[in-house]
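In what follows, a structure is listed as structure tokens, so that the remarks can point back to it.
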Amino acid sequence: MSITNNLKEIKTNLPESCLIVAVSKTKSSSDIMQVYESGHRDFGENKVQELTQKAEELPKDIRWHMIGHLQRNKVKYIAPFIHLIHSVDSEKLLQEINKQALKNDRVIDCLLQIHIAEEESKFGLDSAEAEQILNNSIDEFKNVQIKGLMGMATNTKDIYQVRKEFKFLNNLFHSHKESKKENVTMEWLSMGMSGDYLIAAEQGSNMLRIGSAIFGARNY
Ligand SMILES: *Cc1c(COP(=O)(O)O)cnc(C)c1O
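Quick note, the numbering used here runs 10 ahead of the 1-based positions in the sequence shown.
If you want it as structure tokens, here you go:
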């Protein structure tokens, strides 16, 4: 199957309200252009250098999503153009994003990344840290808009475990839907990857980050 057919096939399995972020990390510009030419505009990368390089050489109407762990000293490279940062995993990072957004005279849309998996290795805030940001510190960060939450489930074949983790994130998302904060608008719940996107959609995800199921396996 071709890359564009893969994407088409995935879309038929998901509700219309779901946005697919095509995760193009390690993939070539010509692979990305195949998807672009089918009309798709949302692409995700997890490394700042690769992201800025691709953003420079590819069409300017692509909406670039930063989905990987972001170091504070690299925020400045993506601040001028990034569409959505999915991976805000500390208040200090949010503070730096706010600072760089201000410098670029814009508001940067962000998701808070919540640690929902059993694995130690995955980045993210716990719910107490997220509550602290959403209920308090966000007031200081006028140049960021919190648009929702992101999470990665445990990499396991146990679908009950995965479902439980997604459900937890969906609950946290909904508990802030009525937030009175001007810069908190819970619109996007970013969860689900190639292996678990159907479970994620079933659990309320409306933003799926899908790489290998579209572009094929990655060779590192
Ligand atoms: C690579 C990556 C994905 C996509 O993974 P696939 O299994 O290839 O779909 C999704 N989210 C994050 C944060 C990633 O780093």
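We put the beta carbon where it would ideally sit given N, CA and C, even for glycine. Source: prediction; values computed, not measured.
1. Assuming ASP119 is part of the beta strand (DSSP E), what are its boundary residues?
2. Tell me where the alpha helix (DSSP H) around ARG173 begins and ends.
3. In chain order, what are the residues with a CB under 5 Å from some non-hydrogen atom of ligand 1?
4. Contact defined as beta carbons within less than 8 Å: I believe ILE92 pairs with LYS64. What is the distance between those atoms, to the nearest angstrom?
5. Which ranges would you report for the alpha helix (DSSP H) in the region 55–110 if only whole runs of at least 4 residues count?
6. Tell me the DSSP secondary structure of GLN155 in three-state form.
7. Kindly indicate the opening and closing residues of the alpha helix (DSSP H) around LEU24.
8. Does the separation of the CB atoms of GLN110 and ALA89 fall below 9 Å?
9. Helix or strand or just coil, what does DSSP make of THR166?
10. Report the partner residues of ARG219 according to the DSSP bridge assignment.
11. Counting only beta-carbon atoms, is LYS18 nearer than 9 Å to chain C?
12. Considering only their Cβ atoms, is the gap separating VAL154 from ILE107 smaller than 9 Å?
13. Using DSSP bridges, identify the partner residues of LEU135.
14. Just to confirm the assignment, what range does the beta strand (DSSP E) spanning MET196 have?
15. Run through DSSP, which three-state label would ASP4 get?
16. Thinking ILE126 and LEU80 are a contact (beta carbons under 8 Å), I'd like their distance in whole angstroms, please.
17. Could you have a look at ASP149 and say whether DSSP puts it in helix, strand or coil?
18. Closer than 8 Å is the cut-off here; do at least three beta carbon pairs connect the region 22–29 with the region 176–194?
19. Are the CB atoms of LEU29 and LEU218 within a distance shorter than 9 Å?
20. Between the C-alpha atoms of GLY226 and GLU150, what's the straight-line distance to the nearest angstrom?
21. Could you tell me which residues DSSP pairs with GLY161 in its beta bridges?
Looking at the atomic coordinates:
1. 118–124
2. 169–185
3. VAL33, ASN56, ILE77, MET203, SER204, ARG219, ILE220, GLY221, SER222
4. Not confirmed; about 12 Å, so no contact.
5. 58–67, 85–88
6. strand
7. Here LEU24 belongs to no alpha helix (DSSP H), and DSSP marks it neither H nor E.
8. yes
9. coil
10. VAL31
11. Chain labels in this structure do not include chain C; a single protein chain is all it has.
12. yes
13. ILE124
14. 194–201
15. As displayed, the chain neither begins before 11 nor continues past 230, which places residue 4 out of reach and without an answer.
16. ILE126 to LEU80, Cβ: 19 Å. No contact.
17. helix
18. no
19. yes
20. 42 Å
21. ILE124, MET201
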